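Worksheet for the structure shown next.
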């Protein structure tokens, strides 16, 4: 009785050796579904943006009018606003973020560095709508009352700091995005800096360099590709960021040199107008904007990943 | 050759400057937290947690339906996204070949980098258009599409971290590969995998953009087949409204959302860190 049971049990288990194939197949199907979802995403965006592509052609990207009533759709103001706010954000967040990364990787005692890195990671986890909430009730009034009048008084001779101080606009969106991209710049730059071999630092210090000279002339140049990668990663985040920007950009589809002026970004116009879009061309032109945003961000992301991978490869070669 | 005094001074100035950068970025977190507690803390009461939203000007409205809606949609996303991501990750780490795995990894990273608003459009074409109405289901699917690549990559990462010796030991005892994976490798990496999943769920729980035109919003209780309110969308709508008492509600909802996200993040990381130190000791 017990022998028979054992034999049956044995044959059951030996049959399940074929379970390897079943497990392989099942997990393969799930992995393949990721592939399928991504391909489907691109295909759906392409298909549903069809009416806009056939009606508007390449002129879509150069048109500056956005007038749903007269069926005029030009993407230029949105592309301009997206790039302007993202570049503005990086101009602020890259120097500050790199400074913080240098402090955390090179100068701070390990316990302090770990605590601060943890806080920076938490900052990355804060939902974007909360950044928007804070920006609209604190940053915007501050800019309107103090920031923009001050900039106009001191730097008003430049075309970027003219016009009425509204608070909302490119400057507010850029500043909000700067805060939101800090964590990405810091986290990736810090990792690249930590991958620099210790002997590089020691060699510089042995030649009589100060701590700062070793950092700025040896360590940072060594990690430059990874740092550049972090900049691209932050750029991708900034380009695709929706909620916080939508809340402070001012929602005005026009191109202004002044940073005080209200503008619009690709993500913001989709968020605002998608549910209200009537007519096939209107709706599909919004989807085409989404497709453009998608293409820009995947290119920037790919560049970022390439740079980060390039540095870690270089690091391992040196290590070995 | 510059003089030593100048070089030393520059050294200290720049070191202090990088310290100031760090202080500035870290203090932002406390500013956010402080502002939300100061502005939102007053408005969180029993009504806020249990009542439906009311028109501006009336006292005692709450956000119960938005909290339930968020929980429903995030739960739905977890139900769809976590198994797909997990099993896909197991494939990449344990069964995958070269070319196909590379392709899956690449596509997952690509999907991970897609702006959340574009995910919203995708879920709209996938679910809302065929169903002809907005629904919590569509919102949950949108969030699950964001959750899949996050789970996939973190699962793979933690599985790869399991030492070879463990696998080889189990294989040497004659266990088939699927059994090695299911009873040795996955349990060894479980703590990390779960942490990755919790962090992923916390991240999609705060997303607004994918819900704007999938789940839409709702002033009342709803099931998954109807437009569904969620905390992030509620915050967005209330913050942009012109009413002071709605602004107060937005602050309170923001505080609830942030507290949820931070508590999940901190506890997940704490569990992970503790696990590693226990293994080392």
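Protein chains in written order, with the numbering used here: chain A, 103 to 422; chain Y, 1436 to 1716. Cβ atoms here follow ideal geometry from the backbone N, Cα and C, with glycine treated the same way. Bear in mind the structure is a predicted one, so any value in this text is a computation, not a measurement.
Distance between residue 1564 (chain Y) and residue 1448 (chain Y) (C-alpha atoms, nearest Å): 59 Å
Exposure of residue 1716 (chain Y), with buried meaning 16 or more beta-carbon neighbours within 10 Å: In this predicted model, residue 1716 (chain Y) has a pLDDT of only 31, less than 50, meaning its place in the structure is not dependable; the value taken from the coordinates is given anyway. Residue 1716 (chain Y) is exposed by the Cβ-count criterion.
Within 7 Å, strictly: CB atoms of residue 350 (chain A) and residue 232 (chain A): no
Beta-carbon gap between residue 1470 (chain Y) and residue 129 (chain A) smaller than 7 Å: It is not a contact, given that the beta carbons lie outside the stated cut-off.
The segment 364–382 of chain A contacting the segment 254–261 of chain A, beta-carbon criterion three pairs below 8 Å: no
Boundaries of the alpha helix (DSSP H) in which residue 1427 (chain Y) is found, first to last residue: Because chain Y spans 1436 through 1716 in this model, residue 1427 (chain Y) falls outside it and cannot be assessed.
Which of helix, strand or coil DSSP assigns to residue 173 (chain A): Residue 173 (chain A) falls in the coil class under three-state DSSP.
Best match in A:193, A:184, A:201 for proximity to residue 50 (chain A) [C-alpha to C-alpha]: For residue 50 (chain A) there is no data in the structure shown, the boundaries of chain A being 103 and 422.
Bounding residues of the alpha helix (DSSP H) (the contiguous stretch that carries residue 310 (chain A)): Per DSSP, residue 310 (chain A) belongs to no alpha helix (DSSP H) and is neither H nor E.
Residues that residue 1656 (chain Y) bridges to, as DSSP identifies them: Paired residue(s): none; residue 1656 (chain Y) is not in a bridge.
Proximity winner among Y:1538, Y:1680, Y:1687, relative to residue 1476 (chain Y) (alpha-carbon distances): Y:1687
Chain A contact for residue 1457 (chain Y) (CB, 7 Å cutoff): Under the Cβ criterion of 7 Å, residue 1457 (chain Y) is counted among the residues facing chain A.
Per-residue contacts from residue 1509 (chain Y) into chain A (C-beta, under 9 Å): In chain order: nothing, as chain A lies at least about 12 Å away.
Same chain, Cβ closer than 8 Å to residue 230 (chain A), five either side skipped, listed in chain order: Within the same chain, residue 230 (chain A) has close Cβ partners 282, 343, 344, 345, 346.
Inter-residue Cα distance where the pair is residue 105 (chain A) and residue 139 (chain A): Residue placement at residue 105 (chain A) is poorly supported in this model, since its pLDDT is 45, which falls under 50; the coordinates still yield a value, given next. Residue 105 (chain A) and residue 139 (chain A): Cα-Cα distance of roughly 50 Å.
CB contact check: residue 1594 (chain Y) to chain A, cutoff 7 Å: no
Environment of residue 1467 (chain Y) [buried if 16+ CB atoms lie within 10 Å]: buried
Sufficient close CB pairs (3 or more, under 8 Å) joining the segment 329–336 of chain A to the segment 285–299 of chain A: Segments in contact, yes.
Cβ shell of residue 405 (chain A) (< 7 Å), same chain only, five flanking positions each side left out: 334
Three-pair Cβ contact test at 8 Å for the segment 1455–1464 of chain Y versus the segment 1610–1624 of chain Y: Contact fails between the segment 1455–1464 of chain Y and the segment 1610–1624 of chain Y, because fewer than three Cβ pairs, one in each stretch, are under 8 Å apart.
Where the segment 229–255 of chain A meets chain Y: residues whose CB sits under 9 Å from a CB there: Correct list: 229, 230, 231, 232, 233, 234, 235, 236, 238, 239, 240.
Residue 1507 (chain Y), enclosing alpha helix (DSSP H) - first and last residue: 1499–1525
CB contact check: residue 313 (chain A) to chain Y, cutoff 7 Å: yes
is_contact[residue 353 (chain A), chain Y] using C-beta, thresh 7 Å: no
Element boundaries [alpha helix (DSSP H), containing residue 1476 (chain Y)]: No alpha helix (DSSP H) contains residue 1476 (chain Y), which DSSP labels as neither H nor E.
Chain A contact for residue 1441 (chain Y) (CB, 7 Å cutoff): Output row for residue 1441 (chain Y): interface = no.
Close beta carbons around residue 1513 (chain Y), own chain, < 6 Å, minus the five adjacent residues each side: 1636
Whole-angstrom distance between residue 305 (chain A) and residue 1639 (chain Y), CA atom to CA atom: 46 Å
Nearest residue (CA-CA) to residue 248 (chain A), options A:267, A:235, A:353, A:153: A:267
Residue 1614 (chain Y) classed as buried or exposed, judged by whether at least 16 other C-beta atoms fall within 10 angstroms: buried
Interface residues of chain Y facing residue 331 (chain A) [CB-CB closer than 9 Å]: The premise fails here: residue 331 (chain A) is roughly 13 Å from chain Y at the closest Cβ pair, so nothing lies under 9 Å.
Presumed contact (8 Å Cβ cut-off) between residue 1697 (chain Y) and residue 1666 (chain Y), rounded CB distance: 14 Å between Cβ atoms; not a contact.
Buried or exposed (CB count within 10 angstroms, at least 16 for buried), residue 1439 (chain Y): Residue 1439 (chain Y) should be labelled exposed.
Residues within the segment 339–373 of chain A neighbouring chain Y, beta-carbon criterion of under 7 Å: Within the segment 339–373 of chain A, the qualifying residues are 342, 344, 345, 349, 369, 372, 373.
Residue-chain proximity (residue 1460 (chain Y), chain A), Cβ-Cβ < 7 Å: yes
Beta carbon proximity, residue 1539 (chain Y) to chain A, threshold 7 Å: yes
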